[in-house]
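Protein chains: 4
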Amino acid sequence: MIIVLKPGATDDQIAHVIDRVESLGLRAHLSRGTYRTIVGVIGDEAQLQAAPLEAIPGVAQVVPILPPFKLASNEAHPEPSVVEVAGVKIGGGYLAMIAGPCAVEGAERMDAIAGAVKKAGANLLRGGAFKPRTSPYAYQGMGEEGLKILRETGDKHGLPIVTEVMDPRRVELVYRYTDMFQIGARNMQNFNLLTEVGQTRKPVLLKRGMSATIKDLLMSAEYILSEGNSSVVLCERGIKSFDNSTRNLFDVAAVPVCKGLSHLPIIVDPSHATGRPDLIPPCALAGVAAGADGVHIEVHNCPEEALSDGPQALLPHQYAALADQIQSLAALLGKTISVPPERKLAAR
Amino acid sequence: MIIVLKPGATDDQIAHVIDRVESLGLRAHLSRGTYRTIVGVIGDEAQLQAAPLEAIPGVAQVVPILPPFKLASNEAHPEPSVVEVAGVKIGGGYLAMIAGPCAVEGAERMDAIAGAVKKAGANLLRGGAFKPRTSPYAYQGMGEEGLKILRETGDKHGLPIVTEVMDPRRVELVYRYTDMFQIGARNMQNFNLLTEVGQTRKPVLLKRGMSATIKDLLMSAEYILSEGNSSVVLCERGIKSFDNSTRNLFDVAAVPVCKGLSHLPIIVDPSHATGRPDLIPPCALAGVAAGADGVHIEVHNCPEEALSDGPQALLPHQYAALADQIQSLAALLGKTISVPPERKLAAR
Amino acid sequence: MIIVLKPGATDDQIAHVIDRVESLGLRAHLSRGTYRTIVGVIGDEAQLQAAPLEAIPGVAQVVPILPPFKLASNEAHPEPSVVEVAGVKIGGGYLAMIAGPCAVEGAERMDAIAGAVKKAGANLLRGGAFKPRTSPYAYQGMGEEGLKILRETGDKHGLPIVTEVMDPRRVELVYRYTDMFQIGARNMQNFNLLTEVGQTRKPVLLKRGMSATIKDLLMSAEYILSEGNSSVVLCERGIKSFDNSTRNLFDVAAVPVCKGLSHLPIIVDPSHATGRPDLIPPCALAGVAAGADGVHIEVHNCPEEALSDGPQALLPHQYAALADQIQSLAALLGKTISVPPERKLAAR
Amino acid sequence: MIIVLKPGATDDQIAHVIDRVESLGLRAHLSRGTYRTIVGVIGDEAQLQAAPLEAIPGVAQVVPILPPFKLASNEAHPEPSVVEVAGVKIGGGYLAMIAGPCAVEGAERMDAIAGAVKKAGANLLRGGAFKPRTSPYAYQGMGEEGLKILRETGDKHGLPIVTEVMDPRRVELVYRYTDMFQIGARNMQNFNLLTEVGQTRKPVLLKRGMSATIKDLLMSAEYILSEGNSSVVLCERGIKSFDNSTRNLFDVAAVPVCKGLSHLPIIVDPSHATGRPDLIPPCALAGVAAGADGVHIEVHNCPEEALSDGPQALLPHQYAALADQIQSLAALLGKTISVPPERKLAAR
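Residue numbers (our numbering), protein chains in the order written: chain A, 555 to 902; chain B, 555 to 902; chain C, 555 to 902; chain D, 555 to 902.
See below:
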């Protein structure tokens, strides 16, 4: 950490800054330049990051040098992590193909969609039972009944399942059904929820918030990791921007940026990132080409009847065509799509 | 609602769109232009807003005409609402002066700060007992002990209190101590939490999320209102932007934009909006000049020792100087600063 | 175009709106809904887009239905355009491989870089003679001397050249040397400059402004097209965002969004979009996978000595490795990389 | 400037960094921390800011400590500058009241508007003769004829004038008519244009670009100042944001942020910042309360007939009401509104 002093900082102020640094057990290193005086801090700066040094009179700017996350950092863990979801590998060369409807709407529809995406090559089934909706008047999900349907459908088709948990009070309930928790974008900084799923040992799919920087995302992963759960998969799903051509802005560079900072796998979700079915295939391929460890795509067999987010779903035959293209691209890049183990998955 | 069809939409597709509209009990009104065909929808469009009309083949664009919120709208409630917090009025010409430290750090410090802000003219006391922190390694708040201190300090100085609740499991606990709930920016779309505070009858200070549009903010207010709690005060506290000169971007126009759409009071929080003490006074005055119903300011008597957000707090004498300026401006604008009633406030 | 009236609009106001529409030679179509009255406009709405209808009392909102650009639109020109730059094709299945240093810095360096990128598979050579620099104290380019060097180097290596023009007064000068004009991001809305290059018949590489929507970009292309120059290639090069992990935010979805609206080719520039050499290869591949008609990459043989933007350049061997990957991906996607014709290119 | 090295930087790499710094005539100061090695640079870092140090192998990050602008900085010039426009003072306690139509549309209309705004208290008259329009099909301005009308109208009403120049080829022409140049937001980084107006000795109103940081704005001012023209007034006019409730996002904090960095006056333009007449008065007052040195407001006597930007203009009586409020606020803040000298202004 580097502390830059204001042009007119007094000797007393400088001495006070050095005192504060040393009182935290660190060494301070004074350097008087022609135009500015700076204090370099030697030692573990983590504790300093919490101290309000900018509030000290005479301080102009505090420049952190080390990243604020540790367990998520690839300095601590240089090899890419491989996260396993009921036998399906994600990361380190393995590609997740997550597909399914936005919301679980009933057993029959779920069965039809699961059969179609399995056939097309998906290796994980998604579906929401609890839905975060902007409007209190919109469809809020089937609740536990939806979890049951999702579990049974996944088992029938040999697909591990992933589903969203929104409320710390429901982590236990969702835990009983799912193979992987999803933390949605709106809850990326719901710290109590992160702590709860961090205390389980189920994998977590952590979606990037709509205005979260990459560092914010990795700090949220750190909440889960620091509770002892090391199975975290990140997900880029679009951020806010000024152009309303698309629902969000798909930040494909987030994939290599994350890989430069962290060992955690990162997948892309072009359905939420763009909100437009015509943009899902090109953005899915872009994500894989940029190095993503998987793609998360919404598929529905009758989008105009979908109870949530119909307009951004692919039809099953569109998904099958895209999955073919992803497989070709994966082969070119030397990536493997992990096949779910051939057994009943329910024994957890 | 207006449904715009694609250039080559077929007659069958158009008929199907009309069927869908009519099946929802609404009237459809076809209009064939030279370049485009449009379908106007007559009736209550609320139910249509949830239907995925954009997913119907042949549909190019769906343009909503009515706002998606109702109870928050000033069409339903043309007069500005006045929210009362233990006798202190906010809105409709009454200005809230909310001040206090970011976090409750101990009884002595709280007492000193409360005494100072009360003397300067504050009419509500703030302090966090549960802190949402980006890092799992940062100070997380005193918990219930902090609530007790805040309650006792408020009572001693005759100031109603406001404090953040982050977790639906703690709404009941916080309810027992506070006069007003605060929902923080990161929880603006924590819908289960909104529902919980909506089921109480305590006023709620709802902060705008960092990437929330004004409509998103009003939809979140709608969650609270639709549960029967009509005492909601909005708060503009800065949004994300590309310029890192300031911590967030203070969107002062949010004040008149909200007032054009909603009857709910709206205050400004220049502390979080800017993150820099030198910018708090000009931005606080800007907010009041733009019509805000109050200002929310962090005050600390030793920012460099603050356990949270020290660098953005004013010192007590800086707050006093600013409060003077706000009072002059309020007088010019014909606004009143409600004085807390002279009685022990604890009897709730 | 649809004109939505305010809830309390009077009959006089409605009649006035209809008058205005009809006075412009269009037909108005009144529709009174339960909650709102709307006026649909039938006919060519282009002239209406310029009329300030929102300023008419009683009008709440004006919703355009048709895109504001015509010549750039794929409604007018459904087939993708192929732009030819001195024999090198871009668009319609042909991929541009534009490479070279940010600035022309001297004949020897230019020669070395051009030789390397030609060998790696580039088919167009770039280099700036006039540099738009944020600081007046930064290197501003070699001027005409730089143009001469670029021309000679391109001819020697059989590579057509592209170079930026910043000033309408220099369009004639740059015209004499270059095969393709580049309009930089900062000049995307320098309308006089667009008009000048529109009056030539040389191809134009039009870069998206840092805060331009896709519609803004297409409107700027329309300026060039409407002067009679139909050879426009668009370029996504990163937009402003709140995350400073990267210099700009690479909007890869801009590629399919543009293709959904326009027949013009669009390429990507991951050098400027990210500002980090480690991110250039993944983002270049992402762009091609998303359907881009080419990639524009800065290459320098000694980045630390570069007079402009050194930190974002690839070394020649890094470019060669990336070009190999792009060629494999292009083959998978069925794209062709046009080879410059084997002749002296100077005869223009 | 501080150069942070990568974790595994070799001794050779470190030595090379130090060599580079010393070869530029500066002193390097090595500091080996527990986790990172840093090199502090002592001396004038301006030349280093242009050197691509980040491109040197082993370098992780380069952190500038000094601002990149000098003449615009308040370190060089601690007192606020007062800019005089034909006798009207701006800055240092003097408030500019700039008003007039978006475009000059004819002598009669201009005369009516000028008379009204003069009466209301405006001290500078604006009007565009050359209009930067997003669409090539929109009204482009009256050209020289418009300049004449503006000049004559200003002289008749005793109001100095300000008008936009968009093209370096027209600086001479506009110079002959105007009292102050305006550089529009889209041309804030049209560096050749900045250089041209910098070479005159007429005051310049420099509008902030829609995606320009405050530092970018000050760097553009530096272009003008470094050519010898010290009469620059900055203008905040809204930046890009994700919320389309308003045309742009009015960044009122830009006013105190600029004042913390620079001695140049800064005014606000709520007309362009919001694009909505109902938001102009609250945002104008907010700007003045935040310390702005003036307000720039579009006024038109028949917005629905305006040839450009009608929907964002105030009517003359609305402007008069707002001007009254601004005057009261200015009196409260101790600001003066400079009165144009009582003489024919044409003698320049």
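All C-beta atoms, glycine included, are put in the ideal place defined by N, C-alpha and C.
Are the CB atoms of alanine 683 of chain A and valine 658 of chain A nearer to each other than 9 Å? In contact: alanine 683 of chain A and valine 658 of chain A (Cβ atoms closer than 9 Å).
Could you tell me the boundaries of the alpha helix (DSSP H) in which tyrosine 729 of chain A lies? First-last of the alpha helix (DSSP H) with tyrosine 729 of chain A: 725-731.
Those residues which DSSP pairs with isoleucine 592 of chain B across a bridge: Paired residue(s): B:Val558 and B:Ser585.
As assigned by DSSP and simplified to three states, the class of serine 795 of chain C: Coil at serine 795 of chain C, not helix or strand.
Tell me where the alpha helix (DSSP H) around glutamate 750 of chain D begins and ends. First-last of the alpha helix (DSSP H) with glutamate 750 of chain D: 745-752.
Span separating the alpha-carbon of valine 613 of chain A from that of glutamate 633 of chain D: Pairing valine 613 of chain A with glutamate 633 of chain D, the inter-Cα distance amounts to about 22 Å.
Which value, in whole angstroms, describes the spacing of the CA atoms of alanine 900 of chain D and leucine 679 of chain D? Confidence in alanine 900 of chain D is poor, its pLDDT being 47 and thus under 50, which makes the residue's placement unreliable; the coordinate value appears in the next sentence. Each residue's Cα considered, the two are about 14 Å apart.
Quick check on the DSSP output: the beta strand (DSSP E) that includes methionine 696 of chain D runs from which residue to which? Unbroken run through methionine 696 of chain D: none, as it is neither H nor E.
If you drop the 5 nearest sequence neighbours on each side, which residues of the same chain put their C-beta closer than 6 Å to that of alanine 670 of chain A? For alanine 670 of chain A, where only same-chain residues beyond five positions count, the Cβ hits under 6 Å are Pro870.
May I ask you to report which of helix, strand or coil DSSP gives asparagine 680 of chain D? For the record, residue 680 of chain D in the displayed sequence is arginine; it is not asparagine. Shown here, arginine 680 of chain D sits in a strand according to DSSP, grouped into three states.
Chain-ordered chain A contacts of proline 836 of chain C [CB-CB under 7 Å]: For the C-beta of proline 836 of chain C, the chain A residues within less than 7 Å are, from N- to C-terminus, Val809, Pro810, Ala844 and Gly845.
Test: phenylalanine 804 of chain D CB closer than 9 Å to a CB of chain A: No - not a single Cβ of chain A is within 9 Å of the one on phenylalanine 804 of chain D.
Can you tell me whether glutamine 753 of chain C is buried or exposed? The criterion is at least 16 other CB atoms within 10 Å of its CB, across all chains shown. Residue environment for glutamine 753 of chain C: exposed (fewer than 16 other C-beta atoms within 10 angstroms of its C-beta).
Interface residues of chain A around tyrosine 873 of chain B at Cβ under 7 Å? Those do not exist, as tyrosine 873 of chain B stays about 15 Å from chain A at its closest Cβ, beyond 7 Å.
Against chain C, does threonine 767 of chain A count as a neighbour if the rule is that its beta carbon must be under 9 Å from one of theirs? Closer than 9 Å to some Cβ of chain C, the Cβ of threonine 767 of chain A qualifies, so yes.
At 4 residues or longer, what runs of the alpha helix (DSSP H) sit wholly inside the region 778-841 of chain D? Listed in chain order, the complete alpha helix (DSSP H) runs (minimum 4 residues) inside the region 778-841 of chain D are 808-815 and 824-828.
Do you know how far the Cα of arginine 730 of chain C is from the Cα of isoleucine 820 of chain C? Near 25 Å, if we compare the C-alpha coordinates of arginine 730 of chain C and isoleucine 820 of chain C.
Cα-Cα separation between serine 892 of chain C and leucine 876 of chain C, rounded to whole angstroms: So the alpha carbons of these two residues sit roughly 17 Å apart.
DSSP state of alanine 630 of chain C, grouped into three classes? Three-state DSSP puts alanine 630 of chain C in coil, outside helix and strand.
Less than 8 Å between the CB atoms is what I'm expecting for glycine 594 of chain C and isoleucine 644 of chain C, so what's the real figure, rounded? Contact between glycine 594 of chain C and isoleucine 644 of chain C is ruled out by a C-beta separation of about 40 Å, above the 8 Å threshold.
Just checking my contact of leucine 833 of chain A with proline 810 of chain C at CB under 8 Å: how many whole Å lie between their CB atoms? About 5 Å; that satisfies the 8 Å criterion.
Taking contact to mean 3 or more Cβ pairs, one atom from each stretch, closer than 8 Å, check whether the region 738-758 of chain B and the region 770-781 of chain B are in contact. The region 738-758 of chain B, when compared against the region 770-781 of chain B, does touch it at the 8 Å Cβ threshold.
At a CB-CB cut-off below 7 Å, which residues of chain D make contact with aspartate 770 of chain C? Under the 7 Å cutoff, chain D gives Thr688.
Contact check, isoleucine 652 of chain A vs histidine 850 of chain A under 8 Å by CB: the rounded distance? Going by Cβ atoms, the distance from isoleucine 652 of chain A to histidine 850 of chain A rounds to 4 Å, so yes, they are a contact pair.
Where isoleucine 737 of chain C sits in the DSSP three-state scheme: Of the three classes helix, strand and coil, the one that applies to isoleucine 737 of chain C here is strand, per DSSP.
Give the straight-line distance between the Cα atoms of arginine 663 of chain D and asparagine 855 of chain D, rounded to the nearest whole angstrom. Spanning the two alpha carbons is a distance of roughly 8 Å.
Taking only beta-carbon atoms, is asparagine 741 of chain B less than 9 Å away from chain A? Yes, asparagine 741 of chain B counts as interfacial toward chain A.
In chain order, what residues of the same chain have a beta carbon less than 6 Å from the beta carbon of arginine 902 of chain A, not counting five sequence neighbours either side? The pLDDT assigned to arginine 902 of chain A is 44, lower than 50, so where the model puts this residue is not dependable; a value taken from the coordinates is nonetheless given after this. None.
Sort A:Leu727, A:Phe735 and A:Met720 by Cα distance to isoleucine 638 of chain A and report the nearest one. The identity of residue 638 of chain A in the sequence shown is glutamate, whereas the question assumes isoleucine. Nearest to glutamate 638 of chain A by C-alpha distance, out of A:Leu727, A:Phe735 and A:Met720, is A:Phe735.
Residue from B:Leu883, B:Ile568 and B:Gly695 with nearest C-alpha to glycine 888 of chain D: Closest by alpha carbon: B:Leu883.
Which of the three DSSP states, helix, strand or coil, is assigned to histidine 507 of chain C? It is not possible to answer for residue 507 of chain C, since the shown part of chain C is limited to 555 through 902.
Is the shortest distance between the beta-carbon of proline 794 of chain D and the beta-carbons of chain B less than 9 Å? A small fix is needed here, since residue 794 of chain D is lysine in this sequence, not proline. Closer than 9 Å: yes.
Considering Cα atoms alone, identify which of D:Pro836, D:Glu859 and D:Pro690 is closest to leucine 771 of chain C. In terms of CA proximity to leucine 771 of chain C, D:Pro690 leads the group D:Pro836, D:Glu859 and D:Pro690.
Please check the pair valine 853 of chain C and isoleucine 619 of chain C, which I expect to be a contact at CB under 8 Å, by giving their CB distance rounded to whole angstroms. About 45 Å separates the beta carbon of valine 853 of chain C from that of isoleucine 619 of chain C, a gap too long to meet the 8 Å contact definition.
Report the neighbours of tyrosine 777 of chain A on chain B: residues whose CB is nearer than 7 Å to its CB, in chain order. Per Cβ cutoff of 7 Å: Pro690.
Is it right to say glutamate 896 of chain A is buried, meaning 16 or more other beta carbons lie within 10 angstroms of its own, or is it exposed? Exposed, by the Cβ-count rule.
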